[in-house]
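Under the numbering used here, the residues of the sequence shown are numbered 935 to 1072, in order. Here's the structure we're looking at; comments come further down.
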Amino acid sequence: MGLQKKYDKQTSKNSHFFQSLFHAIDGILLIFLEERNIRYHILIAMIPIILGFYFGITTIEWVMIVFCILLVLLMEFINTIFENIVDLITEKKFSLIAKNVKDIAAGGVLLVTIFVVIVALIIFGPHLIDFFNEGALL
């Protein structure tokens, strides 16, 4: 974990705001560098952003799209936290309970992703129907 720098042995509370901020930034960078799925989510999040600009969606639709993207990313953060805690506790040895915890956390990500797809269909469905009915691809 190259991002942990000089703080990797810190056991006390952060001494100032900027120390806390740097730890938070380290955590964000760490998950983006080490977790493949979050990179996939970011890549897939580009689709509704591009469609939103193309179709000129409303402000409230933008709020929903941004909220949904953030929700998926946060769920992936939570899933990664559970995976890391389980690996730490089990020392990466198999345990049925550990497997269940990881599966449940991954299931949470899946449920949120399904919700987000439904929201995207509600927002973009009418635009896409009009797009294809007007023969915009021809």
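Beta carbons are placed, not taken as given, at the ideal position from N, Cα and C, and that holds for glycine. The structure displayed is predicted, hence computed values, not measured ones.
Best match in the options for proximity to residue i [C-alpha to C-alpha]
i     : options                      : result
I962  : L977, T993, I991 and I1015   : I1015
A979  : T1047, N1013, D1021 and I965 : T1047
A1039 : N948, E1010 and P982         : E1010
G1041 : I965, S949, P982 and N1013   : N1013
Buried versus exposed, by CB contacts within 10 Å (16 or more), residue i
i     : result
P920  : What is shown of the chain runs 935 to 1072, which leaves residue 920 out entirely.
L955  : exposed
N1067 : exposed
I999  : buried
8 Å Cβ cutoff met for residue i and residue j
i     : j     : result
C1002 : V1035 : no
A925  : V1043 : With the chain running from 935 to 1072 in the structure shown, residue 925 is simply not present.
H957  : N948  : yes
Does the segment 1001 to 1012 come close enough to the segment 963 to 981 to have 3 or more Cβ pairs within less than 8 Å? Yes, they touch.
Measuring CB atoms only, is the segment 1044 to 1063 touching the segment 981 to 997, in the sense that at least three cross pairs come out at less than 8 Å? Touching, per the Cβ criterion.
I'd like to know if the segment 995 to 1004 and the segment 1048 to 1057 are in contact, where contact means that at least 3 CB-CB pairs between them fall below 8 Å. The segment 995 to 1004 is in contact with the segment 1048 to 1057.
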